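Have a look at the structure below before the remarks.
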Amino acid sequence: MGTLLINGTINNNQRSFKADILIENGVVKEIGNNLSNSNHEIIDVKGKLILPGGVDVHTHMDLDLGKYITADDFYTGTVAAAYGGTTTIIDHIAFGPKGCSLQHQINKYHELADGKSVVDYSFHGVFQHVSDATLNEMKFLVEDGIMSYKIYMTYDNKLNDEEILKVLIKAKELNAVITVHAENDGAIKYLSKYYAESGKTDPIYHALSRPDSSEAEAINRMIYLSEMAGYPKLYFVHVSTKKGLDEIISARKRGVKNIYCETCTQYLTLTEESYKKENNEGLKYIMAPPLRKTEDVEALWKAIENNDVDVIATDHCPFYIKEKLNGKHDFRLAPGGTPGVEERIEIILTEGIKRGISINILIDKLATKPAKIFGLYPKKGTIQVGMDADLIVVNNKKETIKFENRHNANDYSVYEGLEVNYVVETTIQRGNVIVHNDKLLANKGDGIFLRRNANN
Ligand code: MN
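Using our numbering, you'd call the opening residue of the sequence shown number 3 and step up by one each time.
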């Protein structure tokens, strides 16, 4: 006996069409019209949209920054993901003790996620130092399904150009993906100190100390390093500016290969005006890179429509208001990050369709393309016969985002009051209904670890 979804419209990244879906043993068994309904549990989704389950490749669950730890662990954070229609996450993991191996942090994250996550999950490895040992380890980790790694151009564990080049050359050899946080460290360090020491301590100076040029310069430098390394797969996380985007677009035009571009919900919907909100409200929006100007938001949407942006993720990284308030006399002291794993699909469908972008392009950025880049396609990111039955049922109706209807663990939403036109009503993972009409049906630990293939 299987589950039969009838009367719905299936939406993939290429096209939308009316058909029924039969799910058996966790996979899509059949797609077609008038499928035999004997012995199957029937779910009538008349008038609703069926989409592939969301793939969010940029989250930070249980992120331990030393001084702060994110509000969500792998349980609360993935419950929020499930409510929002995301059935797979790839988490960007924390740095470990000084000098630790790559494997050390992967092991630690298995402990954090196993038995807790309600959606399927994987981890990006993270480089906090480059040595023969860490470079050699990559081969074994790639074989173990960790085919993507994060490097930082800023923060305490940033890599210098020589180290970056070494990592890129190794990645090319292994067909691994290098994801990069691209900001010019020296410039933002100096500017934030300069502003704070001149008494300019309000949240808006967080944005002013990380100007668009600091992102664009770092992106540009990474692109040239990737050319020197022979074009390994290079993925820019959370691209937030028109200038940064222009570097990527022009590099592709001159023939640079294998570069991918991610942006996030917040850079598509909010602007730096949020930092000017009174009563310390602006602190809630502190994140890196910061929120930008309307022209940046518009450029990012245009780039989605043109397929210059590959992925829309979230950088889900929530903290409590109390913690954010530590920055009330100095923006540098507020922990950076914001929740969003639950809101991504509903907001992006709403705002994207309002702008005339096809639902298929949006699905490509929300599910298909991230699955392809990170070694999960076609098992994840699409509705196809033989593949995992990860799918969501979306209703075209209005709902207002409020803190009270959120499910993650912190105490505010940056999208408070935003009205969405699309609501995820049912989330199905490997054939199991895990959320239905505002009820969580998954058990803690139902999500499984996904080994990802570098040669997909
Ligand atoms: Mn991040």
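We treat Cβ as the ideally placed atom computed from N, Cα and C, and that holds for glycine. As the structure is a computational prediction, the values presented were derived from the model and not from experiment.
- Proximity to asparagine 27 across Asp392, Asn398, Lys400 peaks at Asp392, based on C-alpha coordinates.
- Each of Val425, Gly338, Ala315 was checked against the Cα of threonine 402, and the nearest Cα belongs to Val425.
- A contact is defined here as three or more CB-CB pairs under 8 Å, and the segment 256 to 264 meets this definition with respect to the segment 228 to 239.
- Under the DSSP assignment, isoleucine 394 falls outside any alpha helix (DSSP H), being part of the beta strand (DSSP E) whose first and last residues are 393 to 397.
- Judged by the Cβ position, aspartate 66 fails to qualify as a neighbour of ligand 1 at the 6 Å threshold, every heavy atom of the ligand being at least this far.
- Lysine 31 and isoleucine 25 have their alpha carbons spaced roughly 5 Å apart.
- Bridge partners of cysteine 266 according to DSSP: Ala315.
- Residue pairing for serine 124: DSSP places it in a beta bridge opposite Ile92.
- Distance from the CA of lysine 286 to the CA of isoleucine 323, rounded to the nearest whole angstrom, comes to 7 Å.
- Inclusion of histidine 94 in the 6 Å shell around ligand 1 follows from its C-beta lying nearer than that to a non-hydrogen atom of the ligand.
- A direct Cα-Cα distance of roughly 23 Å separates valine 59 from asparagine 222.
- Residue side-chain check: aspartate 317 places its Cβ nearer than 6 Å to a non-hydrogen atom of ligand 1.
- DSSP places valine 435 within a strand segment (E or B) once states are collapsed to three.
- Taking C-alpha positions only, tyrosine 154 is separated from histidine 183 by approximately 5 Å.
- Between the alpha carbons of threonine 88 and glycine 201 lies a gap of roughly 42 Å.
- By the Cβ test, the segment 393 to 413 is in contact with the segment 65 to 75, since at least three Cβ pairs between them sit closer than 8 Å.
- Counting only residues of its own chain and dropping the five nearest sequence neighbours on each side, aspartate 66 has a CB closer than 6 Å to the CB of Ala96.
- Under a 10 Å Cβ-count criterion, phenylalanine 19 is classified as exposed, with fewer than 16 other Cβ atoms of the shown protein chains found around its own Cβ.
- Across the structure, lysine 374 and leucine 420 are spaced so that their CA atoms are roughly 31 Å apart.
- Rounded to whole angstroms, the gap between the alpha carbons of aspartate 22 and glycine 388 is 15 Å.
- Put simply, the backbone Cα of glycine 232 is about 21 Å away from that of aspartate 312.
- Taking a contact to require three or more Cβ pairs closer than 8 Å, the segment 270 to 282 and the segment 174 to 188 do not qualify as touching.
- Between alanine 301 and lysine 244, the gap from beta carbon to beta carbon is short of 7 Å.
- Proximity to asparagine 423 across Arg357, Gln431, Gly449 peaks at Arg357, based on C-alpha coordinates.
- Rounded to whole angstroms, the gap between the alpha carbons of phenylalanine 142 and histidine 106 is 13 Å.
- Assigned with DSSP and collapsed to three states, glutamate 421 falls in strand.
- In this structure, DSSP gives lysine 382 a state outside helix and strand, which the three-state scheme calls coil.
- If you look at valine 81, you'll find it in the alpha helix (DSSP H) that goes 76 to 85.
- Taking 7 Å as the cut-off, the Cβ atoms of valine 395 and glutamate 427 count as close.
- Per DSSP, the continuous beta strand (DSSP E) segment holding threonine 11 begins and ends at 11 to 13.
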